[in-house]
Amino acid sequence: MGIIIKQGLKTSIASYLGFAVGAFNNIYLFPKFIGPEGIGLLNLINAAAMLFIPFLNMGFGTSISKFYPKFRDKPYFTSFLGYALVLPIISFLIFILAWPLTQGVFEWMFKSKSQVVFENILWVIPLAGILLIFGLFEAFARANYKVIVPNLIRSVYWRVFMSGIVLLIALGIISYEYLVPSLIFAWFLMLVILVLYTMNVIKLKFSLNSSFWRSSEIKRFNYFSGYVLLLTMGGVLIQKIDQLMVGWYLGTDAAGVLTLSMYFATLIEIPRRSIMQIIQPVLADSFNKNDMGNIEVMYKKSSLNLFLIGGVLFLLVWINVFDIYEIIPRKEEFKGGIYVVFFYGLARVIDMGMGCNNEILVYSKYYKANLPMQLALVVIVVVTNWTLIPRFDITGAALATCISVFTYNIIRFLYLWNKIGMQPFSKSTLQILFILSIAFIIGLNINFGFHPILNIIIRSSIIIFPLVALLYFLKISKDINRLLDKLFKQIFIN
4 MGIIIKQGLK TSIASYLGFA VGAFNNIYLF PKFIGPEGIG LLNLINAAAM LFIPFLNMGF
64 GTSISKFYPK FRDKPYFTSF LGYALVLPII SFLIFILAWP LTQGVFEWMF KSKSQVVFEN
124 ILWVIPLAGI LLIFGLFEAF ARANYKVIVP NLIRSVYWRV FMSGIVLLIA LGIISYEYLV
184 PSLIFAWFLM LVILVLYTMN VIKLKFSLNS SFWRSSEIKR FNYFSGYVLL LTMGGVLIQK
244 IDQLMVGWYL GTDAAGVLTL SMYFATLIEI PRRSIMQIIQ PVLADSFNKN DMGNIEVMYK
304 KSSLNLFLIG GVLFLLVWIN VFDIYEIIPR KEEFKGGIYV VFFYGLARVI DMGMGCNNEI
364 LVYSKYYKAN LPMQLALVVI VVVTNWTLIP RFDITGAALA TCISVFTYNI IRFLYLWNKI
424 GMQPFSKSTL QILFILSIAF IIGLNINFGF HPILNIIIRS SIIIFPLVAL LYFLKISKDI
484 NRLLDKLFKQ IFIN
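Residue numbers are given in my numbering: position 336 of the sequence shown equals residue 339, and the series is strictly consecutive.
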């Protein structure tokens with residue numbers, strides 16, 4: 004787990020560089036120059052494209068990570084890579100032909116309250132194709148433990164490019180109508196960079212062998228991918244349905260406010276994304292070797308470390324949220340999203356506190372159980388959004404997500420405990436919960452009358468330094484302590 008934490012830290016640094024650029028974009032640049040409508044437009048086009056990705060990649064993204072260790076030393080390895088790339092491309096070509104069947108659905112959803120989204124809906128086609136190929140090459144890189152550069156491309160390069168586009172719009176060099184085409188071009192550029200990196204570093208070779216495509220090995224791959232397809236389909240619905248339903252019920256501007264608020268909650272989840280990218284191939288290898296001891300260690304440590312990190316980040320975001328919104332240009336248009344930050348942030352902490360339970364279930368022999376769980380969760384997500392959005396607007400969407408994430412994680416937790424006898428919690432979990440609760444109470448009662456940025460700095464310093472010192476001396480997480488020791492040595496010795 005130490006290696007995973009170390010690599011996860013490097014990947015998180017790349018993600019936080021992206022977050023720094025994203026913070027400039029989302030707190031200042033986007034609100035000032037494209038407003039809620041522009042932010043909502045970009046997000047809804049992206050969400051619409053993401054809806055099709057599970058069907059297009061056919062579950063191959065996760066399957067590549069699972070089967071790569073098994074096929075790596077086989078003579079048909081290049082045929083496996085060719086198969087994993089060509090079939091999704093064929094599915095994309097079929098998607099283009101079938102597009103007219105979906106356009107009526109988008110017209111029904113967006114034409115009345117999100118007209119600007121409907122006017123740009125055709126851009127979903129190229130965006131879906133680019134995201135499809137990008138995800139496949141990310142999977143190839145991840146299977147080879149090369150996650151830092153792909154994460155840098157996704158987290159930093161793309162955001163820098165979008166900053167440039169919005170600045171060009173602000174300066175009048177290009178018009179607002181080119182906002183969505185610029186999004187597509189940005190993703191295309193990122194795809195080219197990723198493909199060049201992957202082909203150069205990993206030296207991938209692809210071949211097409213029809214006899215391998217009919218083999219028993221590929222049948223197992225297809226069987227697993229079929230289940231992953233259904234799972235990812237549910238996962239994408241769970242992640243995107245709230246955004247699409249807000250656009251449908253409340254309009255593009257409301258979707259923009261929701262998007263901005265979700266961005267602050269995303270900060271909390273960055274360490275989980277980074278660490279899980281590294282854990283996935285390790286879990287696949289551990290299950291391949293039937294090393295249940297290592298799997299249990301990763302389960303417990305991922306839960307402890309991610310709950311600690313996520314809890315601290317949620318603490319910092321929430322105690323400063325009102326000052327953060329004071330900084331945003333056109334703040335009155337965005338303040339309706341403040342409590343969205345709370346519920347989305349809480350959902351992220353719950354998910355992180357459960358550790359790698361989803362990844363364990365996906366790579367275990369019990370992976371089929373994920374399907375009925377996902378289907379149940381999709382129903383919960385749709386029903387809660389349908390019920391809560393009309394009552395509480397965008398806050399209702401965030402509350403629906405929080406309820407859904409909590410329910411789903413409890414079901415997975417109980418299932419894994421019953422089937423493989425593993426659960427991730429310890430007394431250290433309760434210690435973290437108690438300490439963070441006290442810190443929340445103190446932080447929410449620290450108020451100053453200074454400039455919002457100064458308020459954020461002072462309040463965060465008053466909370467974070469004693470908190471980190473307490474957690475360090477209590478030795479709640481050995482992995483975090485080792486990282487802090489290394490950091491202290493680099494600062495004070497070098």
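Glycine included, every Cβ here is placed at the ideal spot set by N, Cα and C.
Quick one: residues in its chain with C-beta nearer than 7 angstroms to the C-beta of residue i, no 5 flanking neighbours on either side, listed in chain order?
i: residue 36; result: 169, 172 and 173
i: residue 531; result: Within the shown structure, residues of the chain are numbered from 4 to 497, placing residue 531 beyond reach of any answer.
i: residue 378; result: 237
i: residue 449; result: 462 and 465
i: residue 478; result: 484
i: residue 279; result: 359 and 362
i: residue 334; result: 328
i: residue 422; result: 369
i: residue 153; result: 141, 144 and 197
Using C-beta distances below 6 angstroms, list every residue in its chain close to residue i, excluding the 5 sequence neighbours before and after it, in chain order.
i: residue 480; result: 307, 308 and 311
i: residue 303; result: 427
i: residue 87; result: 63 and 67
i: residue 405; result: 346, 349 and 350
i: residue 267; result: 320 and 344
i: residue 117; result: 250, 254 and 255
Which two residues bound the contiguous alpha helix (DSSP H) that contains residue i?
i: residue 431; result: 430-447
i: residue 253; result: Neither: residue 253 is in no alpha helix (DSSP H) and is coded neither H nor E.
i: residue 102; result: 80-113
i: residue 372; result: Taken as a continuous stretch (DSSP letters only), residue 372 belongs to no alpha helix (DSSP H), as it is neither H nor E.
i: residue 71; result: 63-74
i: residue 150; result: Taken as a continuous stretch (DSSP letters only), residue 150 belongs to no alpha helix (DSSP H), as it is neither H nor E.
i: residue 334; result: 334-337
i: residue 37; result: Per DSSP, residue 37 belongs to no alpha helix (DSSP H) and is neither H nor E.
i: residue 476; result: 455-477
i: residue 426; result: Premise fails: residue 426 is in no alpha helix (DSSP H) and is neither H nor E.
i: residue 121; result: 118-122
If residue i sits next to residue j, beta carbons under 8 angstroms apart, how far is it from one beta carbon to the other, in whole angstroms?
i: residue 120; j: residue 255; result: 6 angstroms
i: residue 343; j: residue 265; result: 7 angstroms
i: residue 286; j: residue 359; result: 7 angstroms
i: residue 262; j: residue 446; result: Wrong, their Cβ atoms sit about 26 angstroms apart, outside the cutoff.
i: residue 297; j: residue 305; result: That belief does not hold up - the Cβ atoms of residue 297 and residue 305 are roughly 12 angstroms apart, past 8 angstroms.
i: residue 253; j: residue 396; result: 6 angstroms
i: residue 403; j: residue 384; result: 7 angstroms
i: residue 301; j: residue 281; result: Rounded, the Cβ-Cβ distance is 10 angstroms, inconsistent with contact.
i: residue 24; j: residue 163; result: 6 angstroms
i: residue 299; j: residue 202; result: So it is not a contact: roughly 37 angstroms between Cβ atoms.
i: residue 99; j: residue 147; result: The Cβ separation is near 31 angstroms, so there is no contact.
i: residue 246; j: residue 50; result: 5 angstroms
Please tell me whether residue i and residue j are closer than 8 angstroms, where the distance is taken between their beta carbons.
i: residue 498; j: residue 363; result: Residue numbering for the chain in the displayed model covers 4 to 497; residue 498 lies beyond these limits and cannot be assessed.
i: residue 370; j: residue 226; result: no
i: residue 135; j: residue 56; result: yes
i: residue 124; j: residue 109; result: yes
i: residue 47; j: residue 258; result: yes
i: residue 234; j: residue 90; result: no
i: residue 439; j: residue 314; result: yes
i: residue 29; j: residue 165; result: no
i: residue 34; j: residue 331; result: yes
i: residue 133; j: residue 190; result: yes
i: residue 251; j: residue 184; result: no
i: residue 241; j: residue 388; result: no
i: residue 228; j: residue 61; result: yes
i: residue 182; j: residue 32; result: no
i: residue 194; j: residue 137; result: yes
i: residue 326; j: residue 459; result: yes
i: residue 81; j: residue 365; result: no
i: residue 73; j: residue 291; result: yes
i: residue 70; j: residue 188; result: no
Quick one: what's got a C-beta closer than 8 angstroms to residue i's C-beta in the same chain, skipping five residues either side?
i: residue 442; result: 318, 466 and 470
i: residue 84; result: 143, 207, 208, 209 and 210
i: residue 40; result: 119, 255, 256 and 259
i: residue 271; result: 313, 316, 317, 320, 348, 351, 352 and 355
i: residue 95; result: 59, 131, 132 and 135
i: residue 491; result: none
Check whether the Cβ of residue i lies closer than 8 angstroms to any Cβ atom in chain D.
i: residue 44; result: Going by chain labels, chain D is absent from the structure shown, which holds only one protein chain.
For this session: Pick out the complete alpha helix (DSSP H) segments inside the segment 155-221, 4 residues or longer, and give them in chain order.
Result: Runs found: 161-173, 182-204 and 213-216.
- Let me know the alpha helix (DSSP H) ranges lying completely inside the segment 282-329, each 4 residues or longer, listed in chain order. Under the rule that a run must span 4 or more residues, the alpha helix (DSSP H) segments found entirely inside the segment 282-329 read 295-322.
message: So within the segment 343-392, which uninterrupted alpha helix (DSSP H) runs reach at least 4 residues, ignoring any that extend past its ends?
response: DSSP runs (the alpha helix (DSSP H)) wholly in the segment 343-392: 360-366.
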